[in-house]
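In the numbering used here, the protein residues as written are 953 to 1065.
Quick look at the structure:
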């Protein structure tokens, strides 16, 4: 069993910086489109600096998430089932039946005795 570690400060810092760059590239895109509307310009794409800033921010944000994320859990059910007892598995509320038909079906049997 692996010991869980607290998310690293460096990972959080990289995530924050990537998010701020992503926000800034979105704001720059909005400003660029507003400028094009104001001068009636028709440009087909974004300037190269905004596109590069967007790609760098996504890469930094993804790298920060990788640094912050915990270890993967195993997919095998045997490891998860070994942690639980049989009493905890059988005591689920989905197994409770309060509105069963036992009284209606066996009413005649109880009266004959």
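All C-beta atoms in this analysis are idealised placements derived from N, C-alpha and C, irrespective of residue type, glycine included.
- Here DSSP, grouped into helix, strand and coil, assigns residue 991 to coil.
- Selection 964, 962, 970, 966 evaluated against residue 1010 yields 970 as nearest (Cα-Cα).
- Taken in chain order, the whole alpha helix (DSSP H) runs of length 4 or more contained in the region 995-1029 are 1000-1020.
- Rounded to whole angstroms, residue 1005 and residue 1028 show a C-alpha spacing of 41 Å.
- One alpha carbon belongs to residue 1031, the other to residue 995, and they sit about 57 Å apart.
- Excluding the 5 residues flanking it on each side, residue 1021 has no same chain C-beta neighbour closer than 7 Å.
- Leaving aside the five residues that flank residue 999 on each side, the residues in its chain whose CB is nearer than 7 Å to its CB run, in chain order, 984.
- A check of alpha carbon separations from residue 975 across 989, 1008, 961 identifies 1008 as the nearest.
- CA-to-CA, the gap between residue 960 and residue 982 works out to about 33 Å.
- Residue 1001 holds the alpha-carbon nearest to the alpha-carbon of residue 977 among 991, 1001, 1018.
- Put simply, the backbone Cα of residue 1014 is about 20 Å away from that of residue 979.
- Taking C-alpha positions only, residue 1003 is separated from residue 1037 by approximately 54 Å.
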